[in-house]
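Below is one structure, written out as structure tokens, with a few remarks after it.
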Amino acid sequence: MGAVERTLGHKSPRLVPLLEACSGLPQLKAIHAHMLRTHIFSDVFCASRLLAFCVDPPHHRHPPQPHGSPLLLDYALWVFSLVDSPNLFMYNAMIRGCARAAAGDHYPLGSLHFYCQMQRRGLQPDNLTYPFVLKACGRLRCRGTGRQVHGQVVRRGFELDAHVQSSLLHMYASCGDACAARSLFDGIERPDVVLWTSMIKVYNQCGDISFARRLFDIMPERNVVTWSSMICAYTKNGHFDEALDLFRVMKLENIKANEPAMASVLSSCASLGALQQGERAHDYIVQNNLLPNLIVGTALVNMYAKCGDVGRAISIFEKLPEKDWLSWTTMIAGLAMHGYGTMAVDYLCKMIEEKLAPREITFTAVLSACSHGGLVEKGLELFESMKKDYAMDPGMEHYGCLVDLLGRAGRLEEAEKFVLGMPIQPDASVWGALLGACRIHRNAEMGERVGKILTELQPAHSGYYVLMSNVYATANQWEGVTGMRHVMRERGVNKSPGHSLIEMEGTVHRFVMGDKSHPEIGKIEEMWKEISQRIRSVGYVGNTTEVLFDIEEEEKESALAKHSEKLAVAFGLMKTGPGDTIRIIKNLRVCEDCHELSKGFQLWASVSMVSQSAYSRPGTSVVVILQQFGDADDVVPKIIEEEAAA
DNA sequence: GTAGGGTTAG
Numbered sequence: 001m002g003a004v005e006r007t008l009g010h011k012s013p014r015l016v017p018l019l020e021a022c023s024g025l026p027q028l029k030a031i032h033a034h035m036l037r038t039h040i041f042s043d044v045f046c047a048s049r050l051l052a053f054c055v056d057p058p059h060h061r062h063p064p065q066p067h068g069s070p071l072l073l074d075y076a077l078w079v080f081s082l083v084d085s086p087n088l089f090m091y092n093a094m095i096r097g098c099a100r101a102a103a104g105d106h107y108p109l110g111s112l113h114f115y116c117q118m119q120r121r122g123l124q125p126d127n128l129t130y131p132f133v134l135k136a137c138g139r140l141r142c143r144g145t146g147r148q149v150h151g152q153v154v155r156r157g158f159e160l161d162a163h164v165q166s167s168l169l170h171m172y173a174s175c176g177d178a179c180a181a182r183s184l185f186d187g188i189e190r191p192d193v194v195l196w197t198s199m200i201k202v203y204n205q206c207g208d209i210s211f212a213r214r215l216f217d218i219m220p221e222r223n224v225v226t227w228s229s230m231i232c233a234y235t236k237n238g239h240f241d242e243a244l245d246l247f248r249v250m251k252l253e254n255i256k257a258n259e260p261a262m263a264s265v266l267s268s269c270a271s272l273g274a275l276q277q278g279e280r281a282h283d284y285i286v287q288n289n290l291l292p293n294l295i296v297g298t299a300l301v302n303m304y305a306k307c308g309d310v311g312r313a314i315s316i317f318e319k320l321p322e323k324d325w326l327s328w329t330t331m332i333a334g335l336a337m338h339g340y341g342t343m344a345v346d347y348l349c350k351m352i353e354e355k356l357a358p359r360e361i362t363f364t365a366v367l368s369a370c371s372h373g374g375l376v377e378k379g380l381e382l383f384e385s386m387k388k389d390y391a392m393d394p395g396m397e398h399y400g401c402l403v404d405l406l407g408r409a410g411r412l413e414e415a416e417k418f419v420l421g422m423p424i425q426p427d428a429s430v431w432g433a434l435l436g437a438c439r440i441h442r443n444a445e446m447g448e449r450v451g452k453i454l455t456e457l458q459p460a461h462s463g464y465y466v467l468m469s470n471v472y473a474t475a476n477q478w479e480g481v482t483g484m485r486h487v488m489r490e491r492g493v494n495k496s497p498g499h500s501l502i503e504m505e506g507t508v509h510r511f512v513m514g515d516k517s518h519p520e521i522g523k524i525e526e527m528w529k530e531i532s533q534r535i536r537s538v539g540y541v542g543n544t545t546e547v548l549f550d551i552e553e554e555e556k557e558s559a560l561a562k563h564s565e566k567l568a569v570a571f572g573l574m575k576t577g578p579g580d581t582i583r584i585i586k587n588l589r590v591c592e593d594c595h596e597l598s599k600g601f602q603l604w605a606s607v608s609m610v611s612q613s614a615y616s617r618p619g620t621s622v623v624v625i626l627q628q629f630g631d632a633d634d635v636v637p638k639i640i641e642e643e644a645a646a
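Its first residue numbered 1, the first sequence is counted upward by one per residue in the UniProt record's numbering.
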């Protein structure tokens, strides 16, 4: 028998300690039943305490859970409906609970409903009502309603309350009204840290991140939240280097980062493929005791998977004390990137066994795992299960994955039929997946048909022109290639430069095709010459099918030699020693020749390729990982001899 | 008699 049951056995249990000891809904129901039996529920104070428990349960305070508990909130809604004339406290509790609820729009709407109802019943809202009414307006992105509430705030004289002010700023930020936020802020005489920090969100929301940074630099005081807000803003807007730079400054200023900051730092490392910096962030997290935290843990899994170390990702995932649907999905997506199709499907099964329902993006991840792992039948089966067992309408990504699945397996006609039979209008990503399959299986006839549709759908997207001329090139139809280049020039489309990133001693180096700007470019080109001679001696012939121009074979090879991934490989080999790992992150897919070449390296290195996106199409990122086993000079000839002997 | 507030994350 627990404390609650024991106390309930007393003649007149004291309510407050009883609720403090209560650990969840079953015990709460016992207490509620007792209150109804003994008629103390009709006491407004007692009923208020019960509601307060539902909205802020003591077991949710440490660690704080910003969204509250949906089950308890629904119970609160029911309890509230049993009360004849609720008081201000009870209305505030309901408005607070609904405004904070995690899922769906109907809860924030509930806040507005209770706010109107209390006034109809003659109750005056107070300064503690407004922060949550405004939060609800922000979450609903109702600028009109928000402005009306702002008017009522002024009429009732709460406009000088700092909490109300920051709620107003936040509401305008969420509704995208930077002007209103700015004029409000300018009217505040001595804004505090929180108000300044809210302004960072305002400018972040409307995309003016450099202005947000200017505010950050000039504000009189900064706290941890200010720092993490700025780091998060950089990450959200794709300024990953700036995010990591700011984290560095933060450490120099001896400010201890918190969980949200670290989640963003890890996410930036993931996008940059910056494994070393990610590892350092991991150390920092351990040293500062920021684990176990569900979100930070998931961010670590994501970082290790995207940086190419799926083994670490798995071991961290397995040790997470708590996992939700998103941590499972992140793990499945990580396995998909590394081609572990069967394992990804196993993890989906385990997730379902843990009673966690897969969501739409979970299916995107597992379908892409099937397509990268060649599990065609399993993929088709899961696609059906998604519709049948989970009542989901597949989205564009799911159709894209399926086209990719069929296309990669060479079932091109089936894939095309599937696209034509889709219940929603296929977009460029779906056609792009089919075009990619045409290139792999060298089907110029279908490729031309699909490419025409694509370049009409997205005339400014360079990737599809490139892919289409690749289709022509693989089929040796050079007139087609020249034609495509002509159309591109006519339409003003430029091939967006592919780049390769490589991290050395914590610095990320960027290479683009034919790039001469790197300070060590001379040595890099020397290194490349040496490598290419050596691999040529073991039988490497440049795969020139992907060069866009109709030029002589030798020239094509030298065009290939300038590919950014090769510059990065050469640089990596220069800077590392035996046993080191070389990781290269690409913004576009790796060209076939560079892929072949990396495979060629397997003579003295272990190579794997990882695509960072759900399904391959022009513009996806690919990670090339080279593991050096030994010094090229000694090892290569030896291995070759051994191979020859075998 | 009650107690309740603003900014940051995968």
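Even glycine gets a Cβ: it sits at the ideal position worked out from N, Cα and C.
Delimiting residues of the beta strand (DSSP E) encompassing residue 648: The structure shown has nothing for residue 648, since the chain only spans 1 to 646.
N258 vs S228 beta-carbon contact at 8 Å: yes
Cβ-Cβ distance between L134 and Y91 below 8 Å: no
Inter-stretch contact at 8 Å, needing at least 3 Cβ pairs: the region 263-279 / the region 29-39: no
S210 in three-state terms, based on DSSP: helix
Selected residue, minimal CA-CA separation from R359, among F383, M343 and L454: F383
Best match in A428, L434, D427 and D393 for proximity to E413 [C-alpha to C-alpha]: L434
Three-state secondary structure assigned by DSSP to K256: coil
S42 burial status per 10 Å Cβ neighbour count (16 or more: buried): exposed
P426 - DSSP class collapsed to helix/strand/coil: coil
Given G379 as reference, the closest of E565, V366 and D389 once Cα atoms are compared: V366
First through last residue of the alpha helix (DSSP H) which encompasses M35: L25 to R37
Own chain, CB closer than 6 Å to F114, minus 5 neighbours either side, in chain order: Y91, M94 and I95
Closest residue to V55 among G97, P459 and G238 (Cα-Cα distance): G97
Residue closest to M392, alpha-carbon to alpha-carbon, out of P63, T362 and L18: T362
V302 - DSSP class collapsed to helix/strand/coil: Note on identity: in this sequence residue 302 is Asn, with Val being the wrong assignment. It is helical.
D346 - containing alpha helix (DSSP H), residue span: G341 to E353
Proximity to S183 [Cα-Cα], best of M199, R100 and V345: M199
Assigned exposure category for D404 - 16 Cβ within 10 Å defines buried: buried
Supposed contact pair N127 and D84 - C-beta distance, whole angstroms, cut 8 Å: The Cβ separation is near 26 Å, so there is no contact.
Backbone CA spacing between R147 and E221 [nearest angstrom]: 29 Å
Residue closest to E189, alpha-carbon to alpha-carbon, out of A212, Q165 and M504: Q165
Supposed contact pair S327 and residue 704 - C-beta distance, whole angstroms, cut 8 Å: This structure cannot speak to residue 704, because the chain is shown only from 1 to 646.
Sub-8 Å separation of L573 and I521 beta-carbons: no
Among E456, H441, A369 and I502, the one whose alpha carbon lies nearest that of K575: I502
V481 burial status per 10 Å Cβ neighbour count (16 or more: buried): buried
G407 vs G436 beta-carbon contact at 8 Å: yes
A116 and M171 closer than 8 Å at C-beta: According to the sequence as given, residue 116 is Cys; it is not Ala. Contact flag unset, no.
D404 - DSSP class collapsed to helix/strand/coil: helix
For V44, the nearest candidate out of W78, H62 and L82 (CA to CA): L82
Secondary structure of Q458, DSSP reduced to three states: coil
Cβ-Cβ distance between F571 and H486 below 8 Å: no
Buried or exposed by the 16-neighbour rule on C-beta atoms within 10 Å, applied to A99: buried
Host alpha helix (DSSP H) of R167 (start-end): What sits at residue 167 in the sequence shown is Ser, not Arg. Looking at the DSSP string, the run of the alpha helix (DSSP H) that includes S167 is A162 to S174.
Top-ranked residue by Cα proximity to L402, from H372, D74, P108 and Y390: H372
Boundaries of the alpha helix (DSSP H) in which S315 is found, first to last residue: V310 to K319
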